[in-house]
Amino acid sequence: MQQEFETIYREYYGSINKFLIKLCADSTLAEELTQETFYRTFLSLHRFQGKSSIYTFIVSIAKHTYYKYMRKSKPVMPYDEIDEHSYSQQSHAGGDPIYIYEKKAEKYALRRMIDALPEKYRDVILYRIYAEMSFEQVAQAMNITENSAKVLFHRAKKKLSEELKNEDYL
């Protein structure tokens with residue numbers, strides 16, 4: 002079992018970490034949540050029944066780990082500071098610090114809108130865009146049909162688009 006887990010860890014660590022970085026926009030926090038996700042995966046591996054891919058199983062655990070963390074702690078507002086790493090990378094490449102700040106603020110505003118969506122819409126967006134899962138994988142993760150996943154995704158995008166048109170999101 003331990004060898005099997007080590008293989009899973011090596012294969013999916015990067016994808017899960019990337020997913021969590023997209024969710025929380027903080028690489029340090031994402032690292033902690035990735036470790037917690039794999040700890041929970043190790044404890045839950047005996048429950049994996051093969052009805053979905055192992056990646057889908059782990060992404061679901063990562064999503065729940067992220068939201069559990071968010072319920073317990075007050076999220077840091079990224080408006081107050083620009084991630085030094087992204088700032089230095091983009092400023093050395095000729096990026097404007099104000100542009101970088103505005104893009105970060107837009108991403109944060111979009112995340113707030115996604116988090117405010119009803120759970121089924123939020124989940125389909127998270128799985129499809131942030132975890133880069135196929136509609137088949139999304140359907141497995143949400144225990145719905147592939148067609149339902151496509152419909153929910155379309156409706157979620159429509160809701161977000163309407164929200165962007167109607168609100169001053171920044």
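Residue numbers (my numbering): 2 to 171. All residues carry an ideal CB built from backbone N, CA and C; glycine is no exception. These numbers come from a predicted model, not from an experiment.
Give the secondary structure of residue i by DSSP, where H, G and I count as helix, E and B as strand, and everything else as coil.
{"i": "Thr29", "result": "helix"}
{"i": "Thr8", "result": "helix"}
{"i": "Asp116", "result": "helix"}
{"i": "Ser74", "result": "coil"}
Excluding the five sequence neighbours on either side, which residues of its own chain have a C-beta within less than 6 angstroms of the C-beta of residue i, listed in chain order?
{"i": "Arg112", "result": "none"}
{"i": "Glu147", "result": "Phe136, Glu137, Ala140"}
Give every residue of the same chain whose Cβ lies closer than 7 angstroms to the Cβ of residue i, excluding the five residues on either side of it in the sequence, and list them in chain order.
{"i": "Ala31", "result": "Asn18, Leu21, Ile22, Cys25"}
{"i": "Val139", "result": "Val125, Tyr128, Arg129, Ala150"}
{"i": "Arg123", "result": "Ile115, Asp116"}
{"i": "Glu5", "result": "none"}
Assuming residue i contacts residue j (C-beta within less than 8 angstroms), just tell me the rounded distance between them.
{"i": "Leu153", "j": "Val125", "result": "4 angstroms"}
{"i": "Ile62", "j": "Arg41", "result": "5 angstroms"}
{"i": "Tyr70", "j": "Leu44", "result": "Contact flag wrong, Cβ pair sits at about 17 angstroms."}
Apart from the five residues on each side of it in sequence, which residues of its chain come closer than 8 angstroms, Cβ to Cβ, to residue i?
{"i": "Ser1", "result": "Shown here, the chain extends from 2 to 171; a query on residue 1 therefore has no answer."}
{"i": "His155", "result": "none"}
{"i": "Tyr13", "result": "Ile55, Tyr56, Ile59"}
Can you give, in chain order, each stretch of the beta strand (DSSP E) that sits fully within the region 35 to 59 and has at least 3 residues? none
Suppose only complete runs of 4+ residues qualify. What are the alpha helix (DSSP H) ranges in the region 119 to 149, listed by chain order? 120 to 126, 136 to 143
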